[in-house]
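**Student:**
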Amino acid sequence: MTGAARITADGWGWRYAGRRLPAVRDVSFTIEPGERVLLLGASGAGKSTLLAGMAGLLGGADEGEMSGDLRVDGAPPQTQRGRVGLVLQDPDAGVVLSRVGDDVAFGCENLGVPASEIPGRVADALDAVGLEVPRDHPTKALSGGQKQRLALAGVLAMRPGILLLDEPTANLDPAGVVEVRRAVEHAVARAGATLVVIEHRTAVWADLMTRVIVVGADGGLLADGPPAEVFAAQGAELARAGVWVPGAAVDLPALAPATGGVALLSARGLAISRDGRMPVRTGIDLTVPRSAATVITGPNGAGKSTLALTLAGLLPELRGQVEAASELAGRRGIRPSRWSSRELLTRIGTVFQDPEHQFLARNVREELAVGPRAAGLDDAATARIVDELLDRLGLSALALANPFTLSGGQKRRLSVATVLATGPRVVVLDEPTFGQDRRGWIELVRLLQEQILEGRSVVAVTHDDDVAHHLGGQRVALDPVDDAAEAA
Ligand SMILES: Nc1ncnc2c1ncn2[C@@H]1O[C@H](COP(=O)(O)OP(=O)(O)OP(=O)(O)O)[C@@H](O)[C@H]1O
Ligand SMILES: [Mg+2]
Numbered sequence: 063m064t065g066a067a068r069i070t071a072d073g074w075g076w077r078y079a080g081r082r083l084p085a086v087r088d089v090s091f092t093i094e095p096g097e098r099v100l101l102l103g104a105s106g107a108g109k110s111t112l113l114a115g116m117a118g119l120l121g122g123a124d125e126g127e128m129s130g131d132l133r134v135d136g137a138p139p140q141t142q143r144g145r146v147g148l149v150l151q152d153p154d155a156g157v158v159l160s161r162v163g164d165d166v167a168f169g170c171e172n173l174g175v176p177a178s179e180i181p182g183r184v185a186d187a188l189d190a191v192g193l194e195v196p197r198d199h200p201t202k203a204l205s206g207g208q209k210q211r212l213a214l215a216g217v218l219a220m221r222p223g224i225l226l227l228d229e230p231t232a233n234l235d236p237a238g239v240v241e242v243r244r245a246v247e248h249a250v251a252r253a254g255a256t257l258v259v260i261e262h263r264t265a266v267w268a269d270l271m272t273r274v275i276v277v278g279a280d281g282g283l284l285a286d287g288p289p290a291e292v293f294a295a296q297g298a299e300l301a302r303a304g305v306w307v308p309g310a311a312v313d314l315p316a317l318a319p320a321t322g323g324v325a326l327l328s329a330r331g332l333a334i335s336r337d338g339r340m341p342v343r344t345g346i347d348l349t350v351p352r353s354a355a356t357v358i359t360g361p362n363g364a365g366k367s368t369l370a371l372t373l374a375g376l377l378p379e380l381r382g383q384v385e386a387a388s389e390l391a392g393r394r395g396i397r398p399s400r401w402s403s404r405e406l407l408t409r410i411g412t413v414f415q416d417p418e419h420q421f422l423a424r425n426v427r428e429e430l431a432v433g434p435r436a437a438g439l440d441d442a443a444t445a446r447i448v449d450e451l452l453d454r455l456g457l458s459a460l461a462l463a464n465p466f467t468l469s470g471g472q473k474r475r476l477s478v479a480t481v482l483a484t485g486p487r488v489v490v491l492d493e494p495t496f497g498q499d500r501r502g503w504i505e506l507v508r509l510l511q512e513q514i515l516e517g518r519s520v521v522a523v524t525h526d527d528d529v530a531h532h533l534g535g536q537r538v539a540l541d542p543v544d545d546a547a548e549a550a
């Protein structure tokens, strides 16, 4: 079968094994062939679960319990996998092979597309997404935005009847966001496929979409209709439910920009590197002032995360030094890269770009308690901190859940909370608000503002201009690094 596919849900729901409440409950809709749907809802409302259901990825009885009915072209999604192209949120997770051409061909090969047909499909797909690199270009040399387009090309080459995209522009720089949106628009127009996109920041997508469907956190749908009509009629209600309604301002004061101030960390003539050999950037001079934010911005591949990890003492300096103020010094001196993890705990806390990198415990509550316990707090003090963070970040109901089973936004909030739990003097965060609904975003930004007002330093890597605006402080804007040097 070719052409765009139809998706129908009739009282559909899914409860993951091990969870008491269903992730999705009682959802009904028909998505007609060729419709372009923006799928919205609060963090944890079940958007990714719904997409996984449409892609036929929700498994048997051991993985959970299905209710109602979900169909692609009238058949169960598990039998229609070749019709459905799913691009997951994490672009790295989608890259399978080391050469661009092979990676794009991979899905076709799995589907059993005749070998003679594949090169033409690969060329078409690369053209549709505008990825202009040689077929044998190494996939690991691609930037985040390019990887996202690579993943999209791999799915398009399979010529699916539906394209399902889960937060396709999270973690992309503003130029990458525009590129990916354009690639999707172009590809869908050419392939005539049905499109379903999950994205918290709706402004980029709203005008491309013919319909929005908003999943309710307690089941059912909160809204379903043309974007302009839904946002006009139900904007305030949806904003309260956590949806980023285009044009609805965030009611939160912004901290002032800062100049100077007492430095807690300083770096001079710093060269940073991932592998201890190849410099990513050189000649960096900067100080991290007390009681202020340092917001690091710049395009994908500019070295923001490498700089953050180096300031945090987790990557050794290639040249030059990061030095802490004497008030922050540890037993092993003033260079964070020489401190033990225990010394770092209350001095510099780091939230990685990928939240899963830091989960250690078997449930959310224990995860939050690891740091305070290691820092020597007693049970009562630990419980107080843990309870407050659970409550503020909307994780109380998930206290006993396994951290790896959380939704994308829930994982991010937990990873920020685990670091704040030990009250480090400097908090370094890589994309602290990605994947957040409106409520989660406001609460995270508020927590970071409190850190600053309490005298701590917040170092945040972000693509989100609103985060930069609300945190105030100083801006460190990294310009792009030369691609040739990066790929070498
Ligand atoms: N593998 C899993 N096992 C158990 N529970 C899960 C699993 N994946 C998700 N959940 C839970 O199901 C609910 C819905 O999660 P889902 O990932 O679908 O939400 P979402 O709307 O995509 O959220 P976000 O915007 O944060 O990505 C959440 O409460 C989540 O914790
Ligand atoms: Mg999700």
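In short: position in the sequence shown from 1, add 62, done, that's this note's numbering. Heads up, the beta-carbon is just placed ideally off N, CA and C, and yes, glycines get one too.
1) On a CA-only basis, which of L506, I224 and D449 is nearest R474? Give me that one, please.
2) Could you tell me which uninterrupted beta strand (DSSP E) segments, each at least 3 residues in length, are contained entirely in the segment 403-482, listed from first to last along the chain?
3) How far does the beta strand (DSSP E) with R537 in it extend, from its first residue to its last?
4) Contact defined as beta carbons within less than 8 Å: I believe V217 pairs with R243. What is the distance between those atoms, to the nearest angstrom?
5) Please tell me whether P559 and V246 are closer than 9 Å, where the distance is taken between their beta carbons.
6) Give the straight-line distance between the Cα atoms of D235 and A442, rounded to the nearest whole angstrom.
7) Could you pull out every residue in the same chain whose Cβ sits closer than 7 Å to the Cβ of A310, ignoring the five residues on either side in sequence?
8) Under the three-state reduction of DSSP, which class applies to E548: helix, strand or coil?
9) Near Q472, which residues of its chain fall below 7 Å by C-beta distance, leaving aside the five closest residues on each side in sequence?
10) Please state whether the Cβ-Cβ distance between M220 and L173 is less than 9 Å.
11) Ignore the nearest five residues each way along the sequence and tell me which others in R87's own chain have a CB closer than 6 Å to its CB.
12) Within 10 angstroms of the Cβ of T524, are there 16 or more other Cβ atoms? Answer buried if so, exposed if not.
13) Straight-line CA distance for S551 to R77?
14) How would you label G392, buried or exposed, when you count the other beta carbons within 10 angstroms and need 16 or more for buried?
15) Buried or exposed for F466, please, with buried defined as at least 16 other CB atoms from any protein chain shown within 10 angstroms of its CB.
16) Shorter than 8 Å, the distance from the beta carbon of K109 to the closest heavy atom of ligand 2, or not?
17) Given that a residue counts as buried once 16 or more other Cβ atoms are within 10 Å of its Cβ, and exposed if not, what is T349?
18) Reducing DSSP to helix, strand and coil, say where M116 ends up.
19) DSSP state of G182, grouped into three classes?
20) Tell me which same chain residues have a C-beta within less than 8 Å of the C-beta of L283, skipping the five on either side of it?
21) Can the beta-carbon of I514 be found closer than 9 Å to that of A483?
22) Beta-carbon separation of L373 and T344 under 9 Å?
23) By the 10 Å Cβ neighbour count, where 16 or more other Cβ atoms means buried, how is G363 classified, buried or exposed?
24) Determine whether the beta carbon atoms of V488 and L332 lie at a separation below 9 Å.
25) Write down the C-beta distance between L491 and Q511 rounded to the nearest angstrom, noting that I regard them as a contact closer than 8 Å.
26) Around the Cβ of L369, are there at least 16 other Cβ atoms within 10 angstroms (buried) or fewer (exposed)?
27) If you compare alpha carbons, which of T264, E385 and M116 is closest to D499?
28) If we call anything under 9 Å between Cβ atoms a contact, is G485 one with S353?
29) Please find out if some non-hydrogen atom of ligand 1 comes closer than 8 Å to the beta-carbon of A387.
30) Ignore the nearest five residues each way along the sequence and tell me which others in A546's own chain have a CB closer than 8 Å to its CB.
31) Tell me which residues share the same chain as Q415 and place their Cβ nearer than 6 Å to its Cβ, disregarding the 5 neighbours each side in the sequence.
32) Below 9 Å between beta carbons: does that hold for Q536 and P361?
33) What did DSSP end up calling R81 once you bin it into helix, strand or coil?
34) In this structure, how does DSSP classify Q498 when only helix, strand and coil are distinguished?
35) Name the residue from P542, I396 and A387 whose alpha carbon lies nearest to the alpha carbon of T359.
36) Looking at ligand 2, does it come within less than 8 Å of Q420, judged from the CB to the closest heavy atom?
**Tutor:** For this structure:
1) L506
2) 410-413
3) Q536 to A539
4) The Cβ separation is near 16 Å, so there is no contact.
5) Any question about residue 559 goes unanswered here, given that the chain covers just 63 to 550.
6) 43 Å
7) G297 and A301
8) Interpretation of E548 is limited by its pLDDT of 43, a score under 50 that renders its predicted location unreliable; the figure taken from the coordinates is listed afterwards. In the structure shown, E548 sits in a helix (DSSP, three-state: H, G or I).
9) S105, G106, L457 and L460
10) yes
11) G75 and G281
12) buried
13) Residue coverage of the chain in this structure runs from 63 to 550, which leaves residue 551 outside it and unanswerable.
14) buried
15) exposed
16) yes
17) buried
18) helix
19) helix
20) V89, S90, F91, I275, V276 and V277
21) no
22) no
23) buried
24) no
25) Contact flag wrong, Cβ pair sits at about 13 Å.
26) buried
27) T264
28) no
29) no
30) Note that A546 scores a pLDDT of 41, beneath 50, so its modelled location is shaky and nothing firm can be said.
31) S367, D492 and E493
32) no
33) coil
34) coil
35) P542
36) no
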